Structures are given as C-alpha cells and as structure tokens.
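In this note's numbering, the protein residues as written are 11 to 487. Only one structure is covered here, and it is reproduced in the block below.
Given below as structure tokens:
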C-alpha cells in the first residue's frame, strides 16, 4: 500500500488511460468550495515533480481558505508566509519556522482560531518555560529560555493582531498574557589594564587592528567584519557603516543592517587612522578584515569571537563576549563625557531611549559622581588634581604578549557555556565514516578536564571495539 499524502501535498493517481494525474487545491471560491489545478505525466515520478512545480507557482495567499474557525496552526503559517516571511532575513525565517513547527503547531495547532483563549495561550507559554525542551526529546530537558518564550509571545501577538485586523476574531486573546520579564545579561567589562593586555596580545597574534577599531567605535561584530577599505576616508577619518555580515546554516551573507539608524558614519581618532593606514599595506583584499581561508570573503563573526576568546586566555584576562567590547566602548564614552544622543548615533541605536535603557547603570553612576563632586565643592573637600588623575589613569601595564596553553589534537574541546558551566566535547570518526560527538558538563575546569579524559577513553574504546567487530564479521563472511 502506497504512502498516504499529507494534507496540502495534493493527490497523485493513475488514470484509466495509463497516464498519471496530480491535483492540488489552489484556492477557494466565494462559497468556500475548493478550486483545483491538475498536471499530467507518463510516469509517477514525473507527475510528482510537475505537481511540486505547480504548488510552488501558486501564491500562498490563494491556497488557504481563510475563515474564523480555521486551526490556529494554519493561521500562523498563512500569516508567516504572506505577511512576515517576505520581510525577514534567512536566519529570522528559520527561527520563525522553528517556533511554528516545533512548538505552536504541536501544542495549539488544532485549536480553532476563534476559540483560542487567553488561558490557552498562557498555559502554552508556561509550558514553554517549564518543559519546552522535552517535546522533541532534547537531551538538556527542562524549559526554554525566557528570551525564546518572549520571542514566541511576540510572534503570536503579531499574528493575532493581523487576525483582528482581518476581522476573523473580535479581540486579541493574547492581551493579558504575561511574557517573561526582560533580564539583561550583566555586562562584563574589561579594566584598563585588561584592555592594554588584550591589545598587546592581539598585536602579537595579528589581530591588533580588529580590536583597536572595535574598542574605538563600538561596532557590532557583523558590522566590523563587513567593512571594506572603500568605507574609510583616510583624509577625514570618516568610516561609513552600511552593511553587516551574518551566517546562516548554508553560507555567510552580507546585507544592509536591519534599521536605518544602523547605517551611519563615525569619525575615527587620528592615531587609529594611521594604524589602519599601515595595516592596509599588509592586506591584499577589498575587505578590511579578510578571511584567511576563503578568497574574497570577510572574516566570519564567529571566527572573530573565537579569536577573542583565545587572545583573552593568552593575555590572562577574564572571558568576555565580543559584544561586551561594544559595551566597553559605550561605557568609556559616557564616563568621559560623551552625551547619550551622540553615543546613540555612533553605536547605531534607533533612539536615545534604547541607549539609556541599556546603559542606565552607567548614567546612574555618573549622576552619583556628579552629586559627590557638587557636595565636595560646597564643602570645600579636597579632591585629586587633574594632573594626578591623568598620571594614575594612563599608567601602562608591564604585560608582555605570550602564547597560551594549546590543546593538542585528540584532547578534545574545553570551554564555558553562557551559564558559566564548563563544557567538554569530543568527536570521533566511527568505522562507517560518520562523526559522533559527545558533551560533558561540570562546575569547575579541573572536574571538566577529568570527565573529558574519561569520556575520550570510553569513546576510543567503543570505536576500537566496533572496528574489531566489523573485522570479525568480515573474516566470518
């Protein structure tokens, strides 16, 4: 018995005249009756291929019967395909599709749109936070992050707002549903000495200009990697930011930034311009920071982040994300007197309110310092002189660049998760040519290193046993 085709795939049948016919619903008339189109072919394979081409040529808007009692899962897919997908980047498209496929359809997909209630949605979001990872057998188990739940909440809200606008439902049932509060990750800032150590080590490893430019502009990593030499005017120091790099599963893409505010011009300090002028003599690419592996391509953001992690380790600095260097720039700019409006323009925020929200702790500290200075002024308290402050704040570190401890081939990977735990990973090639990877987690580096060594030994033993088994079967055969 042949496989039953799923709803929406169309039907394929063998006609009495020996030809194969494929038929699919392409829309509905005013009475709600389906309208279909068909294709004919001499073989079933050819018929299926023609049917797929027909489905791709049909506008999604006409292929779904829009009605108040349609399943919520179908409405989500219709809204995504017609109102959301055309404006999204590939990475965002994949994220939206995963939310709909992995969570919304399995839990709420069959509920009629006009019967969906606030309680249905609230239970769904609560489930995501508590047990969202268990639905598809993820090994980590437990709930999804608050950020993922908020994103899914936003997705459903916008789709239901459109349903209200289309008069399919009277009121948006998501109103009143609570999304997890926004908890911003604590910024990890480098001290002045750590910044010096970072730049000294980066110079020794050939990445000085990358981090010098980041620390003097606060660019997003994708914006920094997308810079070309034509973007920099060496005479005026003007640097134009008008594109960014990001990776999908398939490839590295270069596109315009998401917002108009991200397209901007910043002025570089003269010493930075001179450093880049000298650096340009060593680069034979249109990209300011070219990929060392792929011709005429920029360095990938992930590669830059990985390199930062290595350099920080070698320099003996605490681990920070690449994005934290953006925070370092912004914090230093505010502390040295730059106004919020100017900073907002330089770092590409849509509004000053966003900047104030992100760096509220910095501006609060500045207000307290100002209040202290006023109080000291009134009370005639002694304060450090400008010359003494300048002398102490510009002390250079005696750090010398050094190579960190290298992990040898076969010793696995050791790093830290976003949550702060240590993660060990090892990959082996199975006798059939496939690669298998395992992970272990621990609270300390030492414990993780020990567990990793044990896991590597076990995996190598398993591979050896499998090879022996295959060898024995081969001899027996």
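Just so it is clear, CB atoms sit at the ideal spot from N, CA and C, and this is done for glycine as well. All values derive from a computational prediction rather than experimental measurement.
- Give the secondary structure of residue 243 by DSSP, where H, G and I count as helix, E and B as strand, and everything else as coil. Here the question's residue 243 lines up with position 233 in the chain shown. Note: residue 243 maps to coil in three-state DSSP.
Three CB pairs or more closer than 8 angstroms across the region 179-194 and the region 293-307:
Between the region 179-194 and the region 293-307 there are fewer than three C-beta pairs closer than 8 angstroms, too few to call the two in contact.
Whole angstroms is fine: what's the gap from residue 168's alpha carbon to residue 124's?
Here residue 168 refers to the residue found at position 158 when the chain shown is read from its first residue. Here residue 124 refers to the residue found at position 114 when the chain shown is read from its first residue. Rounded to whole angstroms, residue 168 to residue 124 spans 16 angstroms at the Cα level.
Q. What are the boundary residues of the beta strand (DSSP E) that includes residue 433?
A. Locating residue 433 in the chain shown gives position 423, counting from the first residue. Counting along the chain, the beta strand (DSSP E) containing residue 433 begins and ends at 432-439.
* Residues near residue 289 by beta carbon distance below 6 angstroms, same chain, minus five either side -> Position 279 of the chain shown holds residue 289. Closer than 6 angstroms at the Cβ level, and outside the excluded window around residue 289, lie 219.
**Message:** Could you tell me the alpha carbon to alpha carbon distance between residue 325 and residue 228, rounded to whole angstroms?
**Reply:** For this step, residue 325 is matched to residue 315 along the chain shown. For this step, residue 228 is matched to residue 218 along the chain shown. Those two C-alpha atoms are separated by around 21 angstroms.
Going by beta carbon distance, what residues of the same chain come within less than 6 angstroms of residue 203, once the five residues before and after it are set aside? Position 193 of the chain shown, counted from the start, is the residue given in the question as residue 203. Excluding sequence neighbours, residue 203 sits near 407.
Q: Within its chain, find whatever has a CB closer than 8 angstroms to the CB of residue 310; leave out the 5 residues flanking it on each side and keep chain order.
A: Residue mapping note: residue 310 aligns to position 300 of the chain shown, counting from 1. Cβ neighbours of residue 310 beyond the five flanking positions: 235, 255, 257, 262 and 301.
Exercise. Out of 196, 342 and 84, which has the shortest C-alpha to C-alpha gap to residue 111?
Worked result: Along the chain shown, one-based indexing puts residue 111 at 101. Ranking the options by Cα distance to residue 111, first place goes to 84.
For this session: To the nearest angstrom, report how far apart residue 392 and residue 138 are at their CA atoms.
Result: Along the chain shown, read from residue 1 onward, the residue named residue 392 stands at position 382. Along the chain shown, read from residue 1 onward, the residue named residue 138 stands at position 128. Caution applies to residue 392, whose pLDDT of 47 falls short of 50 and renders its modelled position unreliable; the model cannot decide the point.
Can you name the start and end residues of the beta strand (DSSP E) that residue 198 belongs to? Taking the chain shown and counting its residues from 1, one reaches residue 198 at position 188. Boundaries for residue 198: no beta strand (DSSP E) harbours it, and the DSSP string shows neither H nor E there.
For residue 408, the three-state DSSP class (helix, strand or coil): As a position in the chain shown, residue 408 is number 398, starting the count at 1. Coil.
key: Exposure of residue 479, with buried meaning 16 or more beta-carbon neighbours within 10 Å   = Along the chain shown, one-based indexing puts residue 479 at 469. By the neighbour-count rule (16 or more Cβ atoms within 10 Å), residue 479 is not buried but exposed.
So, with DSSP's three-state summary, where would you put residue 273?
The residue labelled residue 273 in the question sits at position 263 within the chain shown. Three-state DSSP puts residue 273 in coil, outside helix and strand.
Exposure of residue 182, with buried meaning 16 or more beta-carbon neighbours within 10 Å | By one-based count along the chain shown, residue 182 stands at place 172. Residue 182 comes out buried.
Checklist line | Nearest-angstrom beta carbon gap, residue 352 and residue 279 [assumed within contact, 8 angstroms] | finding: What you label residue 279 is simply residue 269 of the chain shown in a count that begins at 1. What you label residue 352 is simply residue 342 of the chain shown in a count that begins at 1. Going by Cβ atoms, the distance from residue 279 to residue 352 rounds to 15 angstroms, so no, they are not a contact pair.
DSSP beta-bridge partners for residue 55? What you label residue 55 is simply residue 45 of the chain shown in a count that begins at 1. For residue 55, which the question treats as bridged, DSSP gives no partner whatsoever.
Inset, instruction - Assess, as a yes-or-no matter, whether the region 24-32 is touched by the region 45-61 under the definition of 3 or more beta carbon pairs within less than 8 angstroms. - result: yes
- Runs of alpha helix (DSSP H) lying entirely within the region 75-99, each at least 4 residues, in chain order: 82-89
#### Entry: Between the CA atoms of residue 438 and residue 483 - distance to the nearest angstrom
Looking up residue 483 in the chain shown gives position 473. Looking up residue 438 in the chain shown gives position 428. Residue 483 and residue 438: Cα-Cα distance of roughly 22 angstroms.
Count the other C-beta atoms from every protein chain shown that fall within 10 angstroms of the C-beta of residue 343, then say buried if there are 16 or more, exposed otherwise.
The count along the chain shown starts at 1 and reaches residue 343 at position 333. When all chains shown are included, residue 343 counts as buried.
Subject >> Buried or exposed (CB count within 10 angstroms, at least 16 for buried), residue 207 >> reply: Translated into positions along the chain shown, residue 207 becomes position 197. Classification of residue 207: buried, given that the 10 Å Cβ count is 16 or more.
Item to complete: Compute the Euclidean distance between the alpha carbons of residue 86 and residue 128, then round it to the nearest angstrom.
Response: For the purposes of this step, residue 86 is taken as the residue at position 76 of the chain shown. For the purposes of this step, residue 128 is taken as the residue at position 118 of the chain shown. Taking the straight line joining both Cα atoms gives about 16 angstroms.
Item to complete: Please find out if some non-hydrogen atom of the ligand FMN comes closer than 7 angstroms to the beta-carbon of residue 28.
Response: Inclusion of the ligand FMN in the displayed structure is not the case, the ligand content being empty and no account of it being possible.
Q) At what residues does the beta strand (DSSP E) containing residue 445 begin and finish? A) Position 435 of the chain shown, counting from 1, holds the residue named residue 445. Run containing residue 445: 445-452, per the beta strand (DSSP E) assignment.
Next item on the list: Look up residue 34 in the DSSP assignment and give the residues it is bridged to.
Entry: Within the chain shown, numbered from 1, the residue matching residue 34 stands at position 24. BP columns for residue 34 point to 47.
Exercise. Cα separation between residue 449 and residue 140?
Worked result: Within the chain shown, numbered from 1, the residue matching residue 449 stands at position 439. Within the chain shown, numbered from 1, the residue matching residue 140 stands at position 130. Linking residue 449 to residue 140 through their CA atoms gives a straight-line distance of about 23 angstroms.
Legend entry - Reduced DSSP secondary structure (H/G/I, E/B, other) of residue 256: Locating residue 256 in the chain shown gives position 246, counting from the first residue. Reduced to three states, the DSSP call for residue 256 is strand.
Hey, would you say residue 241 sits closer than 8 angstroms to residue 250, going by beta carbons?
Here residue 241 refers to the residue found at position 231 when the chain shown is read from its first residue. Here residue 250 refers to the residue found at position 240 when the chain shown is read from its first residue. Result yes, Cβ atoms of residue 241 and residue 250 sit closer than 8 angstroms.
May I ask which residues mark the beginning and end of the beta strand (DSSP E) holding residue 21? Residue mapping note: residue 21 aligns to position 11 of the chain shown, counting from 1. Residue 21 -> beta strand (DSSP E) spans 21-24.
Report task. Work out the CA separation of residue 363 and residue 400 for me, nearest whole Å. Result -> Residue numbering aside, residue 400 sits at position 390 when the chain shown is read from its first letter. Residue numbering aside, residue 363 sits at position 353 when the chain shown is read from its first letter. With a pLDDT of 41 at residue 400, under the threshold of 50, the modelled position of this residue cannot be trusted; read the value that follows with caution. Computed Cα separation, rounded: 32 angstroms.
- Item | Same chain, Cβ closer than 8 angstroms to residue 56, neighbours up to 5 away in sequence not counted | Here residue 56 is taken as the residue at index 46 of the chain shown, counted from 1. Closer than 8 angstroms at Cβ, skipping near neighbours: 30.
Next item on the list: Use the C-beta contact count for residue 134: other C-beta atoms within 10 angstroms, 16 or more gives buried, fewer gives exposed.
Entry: Locating residue 134 in the chain shown gives position 124, where the first residue counts as 1. Per the 10 Å Cβ criterion, buried.
(Q) My assumption, with CB atoms under 8 angstroms, is that residue 360 sits in contact with residue 269. Please give the rounded CB distance. (A) The residue labelled residue 360 in the question sits at position 350 within the chain shown. The residue labelled residue 269 in the question sits at position 259 within the chain shown. About 6 angstroms separates the two Cβ atoms, so the contact holds.
With a CB to CB cut of under 8 angstroms and the five nearest residues on each side skipped, what residues in its chain are close to residue 339?
In the chain shown, residue 339 corresponds to position 329, counting from 1. So the list reads 224, 225, 226, 227, 228 and 357, once near-sequence residues are dropped.
Of the residues 171, 64, 209 and 464, the one placed nearest residue 282, counting alpha carbons only: For this step, residue 282 is matched to residue 272 along the chain shown. Among 171, 64, 209 and 464, the Cα nearest to that of residue 282 belongs to 209.
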